[in-house]
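A quick write-up on the structure given underneath.
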Amino acid sequence: MAARKAAAVAALSGGTLVGLYAFSELREHQDKQARVQAAEQVKMAFRDELPSRAAQLDALRSTPEFDVLVVGGGATGAGCALDAVTRNLKTALVERDDFSSGTSSRSTKLIHGGVRYLQKAIMKLDYEQYMMVKEALHERANLLDIAPHLSAPLPIMLPIYKWWQFPYYWAGIKMYDLVAGAQCLKSSYLLSKARALELFPMLNKDKLVGAIVYYDGQHNDARMNLAIALTAARYGAATANYTEVLHLLKREDPERGGATRVCGARCTDLITGQEFDVRAKCVINATGPFTDVLRKMDDQEIPNICQPSAGVHIVMPGYYSPDNMGLLDPATSDGRVIFFLPWEKMTIAGTTDTPTDITPHPSPSEEDINFILKEVRNYLSPDVEVRRGDVLAAWSGIRPLVTDPNSKDTQSICRNHVVSISPSGLVTIAGGKWTTYRSMAAETLDAVVKSQGLKAGPCRTVGLMLEGGKDWSPTLYIRLVQDYGLEVEVAQHLASTYGDRAFEVAKMSHVTGKRWPIVGQRLVSEFPYIESEVQYALKEYACTAVDVIARRTRLGFLNVQAADQALPRIVNIMAKELGWSEQKRTEELDAARRFLHNEMGYKTRSEQLTNSEITLAPAEVNRYTNRFHKFDKESKGFITTVDVQRVLQSISIQIDDDTLHEILNEVDLNKNGQVELTEFLQLMSAVKKGQVSDNRLAMLLKTAEQSLDQRGPVSVDRSGGGL
9 MAARKAAAVA ALSGGTLVGL YAFSELREHQ DKQARVQAAE QVKMAFRDEL PSRAAQLDAL
69 RSTPEFDVLV VGGGATGAGC ALDAVTRNLK TALVERDDFS SGTSSRSTKL IHGGVRYLQK
129 AIMKLDYEQY MMVKEALHER ANLLDIAPHL SAPLPIMLPI YKWWQFPYYW AGIKMYDLVA
189 GAQCLKSSYL LSKARALELF PMLNKDKLVG AIVYYDGQHN DARMNLAIAL TAARYGAATA
249 NYTEVLHLLK REDPERGGAT RVCGARCTDL ITGQEFDVRA KCVINATGPF TDVLRKMDDQ
309 EIPNICQPSA GVHIVMPGYY SPDNMGLLDP ATSDGRVIFF LPWEKMTIAG TTDTPTDITP
369 HPSPSEEDIN FILKEVRNYL SPDVEVRRGD VLAAWSGIRP LVTDPNSKDT QSICRNHVVS
429 ISPSGLVTIA GGKWTTYRSM AAETLDAVVK SQGLKAGPCR TVGLMLEGGK DWSPTLYIRL
489 VQDYGLEVEV AQHLASTYGD RAFEVAKMSH VTGKRWPIVG QRLVSEFPYI ESEVQYALKE
549 YACTAVDVIA RRTRLGFLNV QAADQALPRI VNIMAKELGW SEQKRTEELD AARRFLHNEM
609 GYKTRSEQLT NSEITLAPAE VNRYTNRFHK FDKESKGFIT TVDVQRVLQS ISIQIDDDTL
669 HEILNEVDLN KNGQVELTEF LQLMSAVKKG QVSDNRLAML LKTAEQSLDQ RGPVSVDRSG
729 GGL
């Protein structure tokens, strides 16, 4: 160990860089051999059709004893289940909510080694940090390989505003490439100021001297998590979401002098309310931020190890960033790092890092949103007006930082992950990062096999293709267009979301009745999600409307208003498939809207209008009041859908009553079915300040007013000029 550490320190100080590269090539060769072994030795139990959720629950109830029961369906828990089942261990996985409903769906969407950690490793000659980066870069390459449909390399620009920073950052980024070795995605490179502005025209050019571009990976995190869980199910793991652990089961162990040992869990199906026991030789606690909750089920007196930290991200329109170039701000006003990344044709900005309480429903704060917007304004051109109203969605994820329970210094935060085994045999895996979920799972299962004396093979997940990845190709979407008559954008979306399973979604699509597209009715016009995805989501264990808008599709994360608009159709499709009553439909619709309101930033978005003071100049107040009265013909002081519809019909504009009601409801702050003059002036004031953007009522009334003004007064003279 000492020799390895000394070699690493020498490498960090620039002594054996060539050796590092050679080691990486050896590692890649070993990985290729492991991939061949994985493909040959692992048998898939459900290749054609996944077992239903009911069948999975039946397996959980009826199996006398599993080898491993994993509690937690995030990336780490799903990774543990996949690792266990591919070692030929009888495996179960239960998740209280939905797969990836917590932190694993609320990440920065990056698959990365950690440039910041490497900087610390170099500056402090920190072996632990160095090895953490090296492991993450190895896992980055593997994840891009096993799920090519869900992930891809992404160039990230590091703008340079001081000449002396060039050699400093260049050395660090090149070291990042070097540590990756043969698994380096693409080599980093320097850019002149002119070239940097050409690639990223929104960049602030004042004092800019150039930029450095390096590569990391990007993925669809919730879909990636789901792919891991579904792959585990394909190989035979009994997996069930919405299955809560009520308490741990224990038995006396005669081999340990009668001491109690964890031997399973009492669970309840939250959909039906049915309780049952799941017995297992070993229970793995992979519950992320809720690590201590399960640990205290085992031992009430045990101290907490989880140190939760909130990371907030915001989503802005795609025009804020180039289609295929991210941005890294390594030194914000308070020292935190901000990423600015294209994702799903939108732009993600984040993240914050603030202490928080543990909650299953974290929500973004206005303070965090404004902090991110402030930092974005600092490195975007002054020509680009960064408006609060352009925040289309926002979310908060809880990062489960941990202290090592085996460490003498229990106050120190562990920068990596921790695997611990309690006296009663409960195995806990905590901390770590998304990118290293697979190696964390492998280490956990190694500990399980050793401590329990289980008969199991070696880890086989290196190179093991995830759900949808095996027969995917970059041109798969063309076959979807040609075979089914899907729009190109929709076909590209299906291919990049479901991989080779996209054909199953296409087969379920209904004929549109149009000349083109032949099949594939969109849920909302501006996004490529189609109705058959809702039906297919049920095969992927979706149980609620939130599952569909948040994790099977990503609509709730991309645009809360679009998600709200799509919800009635989504609920109707699910109700038809699942036989929901009218009461159940209403409950699902209300629950999904609460989710958008509290967890996806709809609340903070609507508060920009509700809390906005009227700061219009007298001339502006007069102009907007006159516009309002062109619809309020009777000077009632308010307008309704009837008033607006009457004016629209007079200028030959057709909008159905339901849509018009939605448009007015966005501005109807007191929800009395009408928009008062004060509410309209609040709206126009908020639009002027950038707190609200793309408001349909403001644009509708402006357009209608222009049409009325262009018509002018109607002449009463006869064409002949006579009496």
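Here our numbering is used: position 446 in the sequence shown is 454, and no number is missing along the way.
Think of the CB as a built atom: it goes at the ideal place given N, C-alpha and C, for glycine as much as any other residue.
**OP:** Could you give the DSSP three-state label for Gln315: helix, strand or coil?
**Re:** Reduced to three states, the DSSP call for Gln315 is strand.
**OP:** Run through the region 669-723 for me and flag every whole alpha helix (DSSP H) of 4 or more residues, listed as ranges in chain order.
**Re:** List check, alpha helix (DSSP H) in window: 685-696, 704-719.
Subject >> Segments assigned alpha helix (DSSP H), at least 4 residues, entirely inside the region 423-509 >> reply: 445-460, 484-492, 496-506
Original post:
Which ranges would you report for the alpha helix (DSSP H) in the region 79-159 if only whole runs of at least 4 residues count?
Top reply: 83-93, 123-132, 135-154
Subject >> 4 or more residues per run - each alpha helix (DSSP H) lying fully within the region 601-676 >> reply: 610-618, 626-637, 649-658, 665-673
Original post:
Is the region 89-98 in contact with the region 233-250, if contact means three or more CB pairs nearer than 8 angstroms?
Top reply: yes
Original post:
What is the DSSP secondary structure of Gln419, reduced to helix, strand or coil?
Top reply: At Gln419 the pLDDT is 41, less than 50, meaning the model places this residue with poor confidence; the figure from the coordinates comes in the next sentence. Correct three-state label for Gln419: coil.
Original post:
In three-state terms, what does DSSP make of Lys584?
Top reply: helix
Subject >> Element boundaries [alpha helix (DSSP H), containing Gln64] >> reply: 61-70
Subject >> Nearest-angstrom Cα separation, counted from Ala86 out to Ile220 >> reply: 36 angstroms
Original post:
Which residues in the same chain have their Cβ closer than 6 angstroms to the Cβ of Arg509, if we skip the five residues on either side of it in sequence?
Top reply: Gly476
**OP:** Under 6 angstroms Cβ to Cβ from Gln419, same chain only, skipping five residues before and after it: list those, please.
**Re:** Residue placement at Gln419 is flagged as unreliable, the pLDDT there being 41, under the threshold of 50; the coordinate-derived value follows with that caveat. Nothing listed; no residue qualifies.
Subject >> For Met516, the first and last residue of its enclosing beta strand (DSSP E) >> reply: Careful: Met516 lies outside any beta strand (DSSP E) and carries neither H nor E.
Original post:
Quick one: what's Trp403 bridged to in DSSP?
Top reply: His321.
**OP:** Output yes or no for whether 9 angstroms exceeds the beta carbon distance between Asp555 and Leu604.
**Re:** no
Original post:
Apart from the five residues on each side of it in sequence, which residues of its chain come closer than 6 angstroms, Cβ to Cβ, to Gly192?
Top reply: A small fix is needed here, since residue 192 is Cys in this sequence, not Gly. Here the set comprises Asp185.
Original post:
Would Ala369 be called buried (16 or more neighbouring beta carbons within 10 Å of its own) or exposed?
Top reply: The sequence shown places His at residue 369, not Ala. Exposed, since its Cβ has fewer than 16 Cβ neighbours within 10 Å.
Subject >> Outcome for Val568 when other beta-carbon atoms lying within 10 angstroms are tallied against a minimum of 16 >> reply: buried
Original post:
Based on the DSSP output, what are the partners of Arg259 in its beta bridges?
Top reply: Arg269
Subject >> Element boundaries [alpha helix (DSSP H), containing Pro175] >> reply: 173-188
Subject >> For Arg538: DSSP bridge partner residues >> reply: Residue identity check: residue 538 is Ile in the sequence provided, not Arg. Arg530, per the DSSP bridge assignment.
Original post:
According to DSSP, is Glu283 helix, strand or coil?
Top reply: Strand at Glu283.
Subject >> DSSP three-state assignment for Tyr223, whether helix, strand or coil >> reply: Of the three classes helix, strand and coil, the one that applies to Tyr223 here is strand, per DSSP.
Original post:
Taking Val399 as the reference, which of Ile380, Thr411, Val410 has the closest Cα?
Top reply: Selected option, being the one with the closest Cα: Ile380.
**OP:** Kindly list the residues whose CB is nearer than 6 angstroms to the CB of Phe31, restricted to its own chain and excluding five residues on each side of it in sequence; keep chain order.
**Re:** With a pLDDT of 47 at Phe31, under the threshold of 50, the predicted position of this residue should be treated as unreliable, though the coordinate-derived value follows. Closer than 6 angstroms at the Cβ level, and outside the excluded window around Phe31, lies no residue.
Subject >> 9 angstroms Cβ cutoff met for Arg114 and Thr505 >> reply: no
**OP:** Would you kindly check if the distance between the Cβ of Gly80 and the Cβ of Ala248 is under 9 angstroms?
**Re:** Going by C-beta atoms, Ala248 is not nearer than 9 angstroms to Gly80.
Original post:
CB-CB under 6 angstroms to Thr239, same chain, minus the five flanking residues each way: which ones, in chain order?
Top reply: For Thr239, the CB contacts under 6 angstroms within the same chain, skipping 5 residues up- and downstream, are Leu90, Leu474, Glu475 in chain order.
Original post:
How would you label Ala712, buried or exposed, when you count the other beta carbons within 10 angstroms and need 16 or more for buried?
Top reply: buried
Subject >> Spatial distance of Asp454 from Ile486 (CA atoms) >> reply: Going by the C-alpha atoms only, they are around 43 angstroms apart.
**OP:** Could you have a look at Ile557 and say whether DSSP puts it in helix, strand or coil?
**Re:** helix
Original post:
According to the Cβ coordinates, are Ala318 and Ser432 closer than 9 angstroms?
Top reply: Their beta carbons are not under 9 angstroms apart, which means Ala318 does not touch Ser432 by this criterion.
Original post:
Span of the beta strand (DSSP E) holding Thr247?
Top reply: Note, Thr247: beta strand (DSSP E), 246-248.
**OP:** Taking Ser430 as the reference, give the member of Pro466, Met324, Trp480, Leu302 with the closest Cα.
**Re:** Leu302
Original post:
Hey, quick one: how far does the beta strand (DSSP E) through Asp337 stretch, first residue to last?
Top reply: Unbroken beta strand (DSSP E) run through Asp337: 334-337.
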